[in-house]
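**Student:** Input: one structure, supplied below.
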Amino acid sequence: MRFIYKIFITLLILTGLGLAQSVTAQTVNGGLNAFDFLQITPYTRAIGVGGAYTALGDDVGSIYYNPAGIASVLTNEANLTYIALYQGLSYETLSFAYPLDPVFHGFGGTFAVSVNMLQSGSLEQTSSAGMTTGTFSAGDNLFTLTYAHTLGSDFQAGFTIKDIQQQIDTVSSSLWAMDIGVLFAPGDEGVRVGADIKNISDSASGFNLPLALNTGISFRQYGLITKQDDVALTLDASFPLEIQDTLAVNIGTEYDLKWIGNRLTLRAGYSFIGNTDLSGIGLAVGAGYGFDFTGLVLFVDYAYTPEDVFGDENHISLTTKF
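So the sequence shown is numbered by numbering that gives the first Met the number 0: it starts at 0 and just counts up by one.
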C-alpha cells in the first residue's frame, strides 16, 4: 500500500505541473491550435468509457491515449475503426501492435503502428463572386510509430512518433510530433496509474498543436458477481498546455462477462470540460462482443456519443488478436 501512496503523490505532482503550465504557457499563433483533428477520440473501446483511457488502456488502442499501455500487449493485435461524424465527415483508423520478445528474445517491448484518415468527401468550390466553379477535397492524415517497454515488474514507459498531414485542395502542410507516457501497475491490486504528454512538437514550425498533459487512474475488480466477470472504474484529467484549450475530466466504467470462448462487455462514460466550472458535455455508451474463432480471437465494439452541436456520432471497430 505504501507504494500506491507514492504513485498517488507522483500523480498529484504531475497534475500540479499541468495546472501551472496551462496558466503560463504562451503560444506562437495567438493561442490557436493547428491540426485540431488530433483531439478526435479514435478508439471505440475508449470512447465507450468517456475517453478515460490513460490508465485503463492495455491494448492496441493505447497508441492514441498513453503509449506506455502498449507494453501490456502480449500477442499480435490489429484494430480497424470507423467513425461516422457530422455532415458527411468520416474518420477511419487502422492500427497494429506486435510484441517483439517472441521473435527478438531479450530485446523485449512492443512495437505498434497506425494509419488514421479524416475524410470530407467532395466539397463545392466557389469563386469570389459566389459562383460554383467545381469541387475540391480536403482531409487530414496521421501516421504513428509507437514503442513501449516494461521496466521492472510494475512500470511501463513508451513513446509515439507522429507524422501529421493536412490538405485542402492543392495546399498541404505536414508536421512531426511526439507523445511520451508512463504507466504504474503495482502488484495484483487492480490499480493502474498513468500519465502522458501529447503532441510535443517544434514551436519553430509555426504551428501550435493541442498540447496537453493527461493523467489517469483505473481500478479493476475481478469476480464481482460470478467467477467469470470483472468491472473497471476509470478517471482521467487532461490539463492543456496551451491557452486555447480547457481542463477536461473524463470518467467511465467497463463491465466484462466471460464464458467459454465468449466475452460480453458493457461500457459507459461522461466528459466534463471547463477552466472554472466543469460543465458536462458528453455522455458515451458502448458495448462489445468477443469470441474465439478457432484460435483467432475477434472483438466487435460499438460506441454512441450524442453531441449537442454537431449531431450524434456512431463508432464501430473490429479488433483481432492472433
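Note that CB positions come from ideal geometry on N, CA and C, so glycine has one too.
Is Ala54 helix, strand or coil when you go by DSSP?
**Tutor:** Correct three-state label for Ala54: coil.
**Student:** Taking C-alpha atoms, which residue in Ser316, Pro41 and Asp57 lies nearest to Val181?
**Tutor:** The residue with the shortest Cα to Cα distance from Val181 is Asp57.
**Student:** Run through DSSP, which three-state label would Thr43 get?
**Tutor:** In the structure shown, Thr43 sits in a helix (DSSP, three-state: H, G or I).
**Student:** Tell me the rounded alpha-carbon separation between Val296 and Val170.
**Tutor:** So the alpha carbons of these two residues sit roughly 43 Å apart.
**Student:** Taking Arg44 as the reference, give the member of Ala184, Glu253 and Gly281 with the closest Cα.
**Tutor:** For Arg44, the nearest C-alpha among the options comes from Glu253.
**Student:** Report all residues from its chain with a CB closer than 6 Å to the CB of Ile160; omit the five preceding and five following residues, and keep chain order.
**Tutor:** Taken in chain order, the residues that qualify are Leu144 and Met177.
**Student:** Return the chain-ordered list of same chain residues with a C-beta closer than 7 Å to the C-beta of Ile46, the five sequence neighbours on each side being excluded.
**Tutor:** For Ile46, where only same-chain residues beyond five positions count, the Cβ hits under 7 Å are Thr40, Ala283, Gly285, Ala302, Thr304 and His314.
**Student:** If you run the structure through DSSP and keep just helix, strand and coil, what is Ala184?
**Tutor:** In the structure shown, Ala184 sits in coil (DSSP, three-state: anything other than H, G, I, E or B).
**Student:** What do you reckon, are the CB atoms on Ile216 and Ala147 nearer than 8 Å?
**Tutor:** No, the pair does not count as a contact, with Cβ atoms beyond the cut-off.
**Student:** Given this structure, state the Cα-to-Cα distance separating Tyr4 from Gly138, to the nearest angstrom.
**Tutor:** Here the model assigns Tyr4 a pLDDT of 41, short of 50, so the residue's position is not dependable, and the following value carries that caveat. Straight-line Cα distance between these residues: approximately 45 Å.
**Student:** Verify whether the separation of the beta carbon atoms of Gly289 and Arg266 is less than 8 Å.
**Tutor:** No, the pair does not count as a contact, with Cβ atoms beyond the cut-off.
**Student:** So, is Met0 buried or exposed, given that buried needs 16 or more other C-beta atoms within 10 angstroms?
**Tutor:** Residue placement at Met0 is flagged as unreliable, the pLDDT there being 44, under the threshold of 50; a coordinate-derived value is accordingly withheld.
**Student:** At a cut-off of 7 Å, is Phe36 close to the ligand GTP when judged by its beta-carbon and the heavy atoms of the ligand?
**Tutor:** Judged by which ligands are present, the structure shown has none, so any question about the ligand GTP falls away.
**Student:** For Lys197, tell me which candidate among Val48, Gly49, Ile62 and Lys226 has the shortest Cα-Cα distance.
**Tutor:** Ranking the options by Cα distance to Lys197, first place goes to Ile62.
**Student:** Count the other C-beta atoms from every protein chain shown that fall within 10 angstroms of the C-beta of Gly29, then say buried if there are 16 or more, exposed otherwise.
**Tutor:** At Gly29, the pLDDT of 46 sits below 50, so the modelled position is not reliable and the matter cannot be decided from this model.
**Student:** On a CA-only basis, which of Phe183, Ser173, Phe218 and Arg191 is nearest Asp201? Give me that one, please.
**Tutor:** The option with the nearest alpha carbon to Asp201 is Ser173.
**Student:** Can you tell me whether Phe321 is helix, strand or coil according to DSSP?
**Tutor:** If DSSP states are grouped into helix, strand and coil, Phe321 belongs with coil.
**Student:** What residues are listed by DSSP as bridge partners for His148?
**Tutor:** Beta-bridge pairing links His148 to Ala156.
**Student:** Step through the CB atoms of chain B and report whether any lies within less than 8 Å of the CB of Gly138.
**Tutor:** The structure shown contains no chain B, having only a single protein chain.
**Student:** Of the choices Thr92, Glu188, Tyr42 and Phe271, whose alpha-carbon is the least far from that of Asp153?
**Tutor:** With distances taken between Cα atoms, Asp153 lies closest to Glu188.
**Student:** Could you compute how far the alpha carbon of Thr225 sits from the alpha carbon of Ala156?
**Tutor:** Their Cα atoms are separated by approximately 34 Å.
**Student:** Tell me which residues share the same chain as Val299 and place their Cβ nearer than 7 Å to its Cβ, disregarding the 5 neighbours each side in the sequence.
**Tutor:** Taken in chain order, the residues that qualify are Gly287, Tyr288 and Leu317.
**Student:** Could you tell me if Ile259 is buried or exposed, where buried requires 16 or more neighbouring beta carbons within 10 angstroms of its beta carbon?
**Tutor:** Looking at its Cβ environment, which holds fewer than 16 other Cβ atoms inside 10 Å, Ile259 is exposed.
**Student:** Can you round the beta-carbon distance between Thr74 and Phe321 to whole angstroms, since I take them to be within the 8 Å contact cut?
**Tutor:** About 7 Å; that satisfies the 8 Å criterion.
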